[in-house]
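Trainee: Using numbering that gives the first Met the number 0, you'd call the opening residue of the sequence shown number 0 and step up by one each time.
The structure follows.
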Amino acid sequence: MIQNKIIQDFPALLMQENGKRLVYLDNAATTQHPRQVLDATISYYEKDNANPHRGVYELGARATKAHENARKSVAEFLHTEPEEIIFTQNTTESLNLVAYSYGLEFIKEGDEIALSVAEHHSNLVPWQRVAKAKGAVLKFLYPDESGHLTDEEIEKKIGSKTRLVAIAEVSNVLGLRAPVEKIVSQARKAGAVVVLDCAQSVPHMPVDVKKLDVDFAAFSSHKLYGPMGVGVLYGKKELLEKMPPFLSGGDMIQSVHEQSVTYGEIPRKFEAGTRNVGGEVGLEAAIQYINSIGYDEIMAHERDLMEYAIGKLKEIPYVTIYGEASAQYRHGVISFNINDVHPHDTASILDAEGVAVRAGHHCAQPLMDYLKITACCRASFAIYNTREDVDMLISGIRNVRRYMGLGN
Ligand code: PMP
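This is how it looks when you write it as structure tokens:
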């Protein structure tokens with residue numbers, strides 16, 4: 000099986016935790032790194048490190064090349080042009096850039112911003128701030144009982160007053176893909192721009208920003224087997240050109256005088272200060288790693304894991320799964336609770352068995368309110384997970400109620 004080979008690429012997965020093999024099922028929070036990513040990052044620091052766009056010397060030129068090559072690779076990955084790719088620190092910063100630069104400039108009093116109640120806080124709080132500053136109105140789309148956004152709900156909430164739609168392609172709690180095509184077509188009718196949070200989609204499926212015709216898209220390197228501290232924002236050229244800068248300072252200018260400034264061209268206008276080039280090189284290596292496996296293989300494997308895990312979980316009568324429990328719609332994430340057990344207790348007992356899952360509100364508190372829970376457990380999968388990992392999760396879950404003295 001290819002996973003046995005893949006695991007060998009990931010030093011962190013060869014570790015023992017609590018005397019047991021680590022079963023890492025918190026990939027929606029952050030993924031582990033293959034040796035290829037670690038090597039590329041180390042090699043950059045050993046051979047090419049300087050401040051890009053500054054030095055005229057050869058080493059500085061190599062750093063600039065590394066920075067711009069990484070941008071090219073990200074552009075190809077999203078099926079767009081390098082000038083439409085901005086490097087940030089993470090998805091959160093990418094979304095804040097759009098909120099502060101596009102939102103504060105172009106959203107006006109009485110305009111509506113449409114977003115799903117399932118948004119991660121990083122695709123909600125910046126829009127709350129824009130709405131407050133500009134007197135705009137937040138309109139929430141609510142999923143149906145199975146966790147999906149229906150056509151009816153989309154048509155009802157995205158209308159003539161909507162100026163911006165902010166939506167996650169895949170929810171970090173429900174693991175379901177939003178009907179992006181329908182949302183974009185409705186937004187076009189309304190004349191609204193679409194901001195797509197791809198943090199949980201790019202690890203599991205190809206994203207073609209041109210085909211989807213979204214205006215902005217954001218993701219984080221660290222959820223895609225790349226280093227922390229690097230994020231990506233895609234923006235349509237015509238929008239980026241008319242937007243004011245987000246952060247300002249060195250490297251984003253053309254010229255500065257005592258009382259005036261002209262800004263650099265895109266994308267540099269949005270990249271103030273020294274960049275995390277080592278991290279960008281690591282992200283480029285992560286993209287190469289994903290391409291070397293191929294999304295067809297990744298998706299087939301993850302579908303198999305989802306089917307296997309959901310099938311096993313459904314056999315346990317005291318487990319509640321949030322969102323439609325069907326592998327067909329799931330992308331890497333299964334959130335659940337065990338009846339009468341606090342999710343933190345479940346996660347602690349699983350940890351003792353060497354199984355790492357996340358418990359909490361997953362930075363999606365409005366969704367927790369909507370589901371009428373305060374927290375849940377989340378098992379999230381990646382290319383290196385196996386059916387044996389699922390077996391470990393299930394056997395751990397079967398022990399939880401017994402350990403809590405609640406019987407089976
Ligand atoms: N959006 C979604 C859907 C996420 O899952 C996350 C991370 N959990 C984020 C945004 C924020 O990502 P980051 O912390 O890397 O900025």
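Glycine included, each C-beta is placed from N, C-alpha and C at the ideal position.
Please report the residue range of the beta strand (DSSP E) in which Y233 lies.
Mentor: Element bounds for Y233: 230 to 234.
Trainee: Anyone know if the C-beta pair for A381 and N26 falls short of 7 Å?
Mentor: The answer is yes: Cβ separation under 7 Å.
Trainee: Is the beta carbon of D196 within less than 6 Å of some heavy atom of ligand 1?
Mentor: Correct: D196 has its Cβ closer than 6 Å to ligand 1.
Trainee: Just checking N338 against ligand 1 - is the residue's beta carbon closer than 6 Å to any of the ligand's heavy atoms?
Mentor: No, ligand 1 has no heavy atom inside 6 Å of this Cβ.
Trainee: Indicate whether the contact test is met: 3 or more Cβ pairs, each with one atom in the region 136 to 150 and one in the region 104 to 114, closer than 8 Å.
Mentor: Flag = yes, the region 136 to 150 and the region 104 to 114 touch.
Trainee: Flag H119 as yes when its Cβ comes closer than 6 Å to any non-hydrogen atom of ligand 1, and as no otherwise.
Mentor: Within the cutoff, so yes.
Trainee: What runs of the beta strand (DSSP E), each 3 residues or longer, lie entirely inside the region 64 to 100?
Mentor: Segments of the beta strand (DSSP E) lying fully in the region 64 to 100: 84 to 87.
Trainee: If we count the other Cβ atoms within 10 Å of its Cβ and call it buried at 16 or more, is N275 buried or exposed?
Mentor: Buried, since its Cβ has 16 or more Cβ neighbours within 10 Å.
Trainee: On the DSSP bridge list, what partners appear for H256?
Mentor: In the DSSP output, where bridge partners are listed per residue, H256 has S259.
Trainee: For the alpha helix (DSSP H) containing A117, name the first residue and the last one.
Mentor: Here A117 belongs to no alpha helix (DSSP H), and DSSP marks it neither H nor E.
Trainee: So L392 and L24 are in contact, right, with Cβ under 8 Å, and what is the actual spacing, rounded?
Mentor: Contact flag correct, Cβ pair sits at about 6 Å.
Trainee: Thinking A189 and I153 are a contact (beta carbons under 8 Å), I'd like their distance in whole angstroms, please.
Mentor: Actually they do not touch by this definition, with Cβ atoms about 11 Å apart.
Trainee: Could you tell me the alpha carbon to alpha carbon distance between N50 and I41, rounded to whole angstroms?
Mentor: Those two C-alpha atoms are separated by around 16 Å.
Trainee: With a threshold of 6 Å (Cβ to nearest heavy atom), would N26 be considered close to ligand 1?
Mentor: Not so, every heavy atom of ligand 1 lies at least 6 Å from the Cβ.
Trainee: How close, in whole Å, do the beta carbons of N171 and H120 come, if the pair is a contact with beta carbons under 8 Å?
Mentor: The pair is not a contact, with the Cβ atoms about 10 Å apart (cut-off 8 Å).
Trainee: Return helix, strand or coil for E144, following the three-state DSSP convention.
Mentor: E144: coil per DSSP, three-state reduction.
Trainee: Between which two residues does the beta strand (DSSP E) harbouring S219 extend?
Mentor: It spans 215 to 219 - the beta strand (DSSP E) in which S219 sits, taken as one unbroken run.
Trainee: To which residues of the same chain is P205 closer than 7 Å at the C-beta, ignoring the five residues directly before and after it?
Mentor: Cβ neighbours of P205 beyond the five flanking positions: Y294.
Trainee: May I ask you to check if the CB of Q127 is nearer than 6 Å to at least one heavy atom of ligand 1?
Mentor: Incorrect: Q127 has no Cβ contact closer than 6 Å to ligand 1.
Trainee: Nearer than 6 Å: is that true of the beta carbon of S219 relative to any heavy atom of ligand 1?
Mentor: Yes.
Trainee: Hey, how far is the Cα of Q287 from the Cα of S259?
Mentor: So the alpha carbons of these two residues sit roughly 42 Å apart.
Trainee: Tell me the rounded alpha-carbon separation between H78 and D207.
Mentor: So the alpha carbons of these two residues sit roughly 5 Å apart.
Trainee: Between which two residues does the alpha helix (DSSP H) holding D388 run?
Mentor: That run of the alpha helix (DSSP H) goes 386 to 402.
Trainee: Quick check: what's the CA-CA separation for Y402 versus S379?
Mentor: If you take the alpha carbons of Y402 and S379, they lie about 24 Å apart.
Trainee: From V332 to G174, what distance separates their C-alpha atoms?
Mentor: Using only the alpha carbons, I get a separation of about 5 Å.
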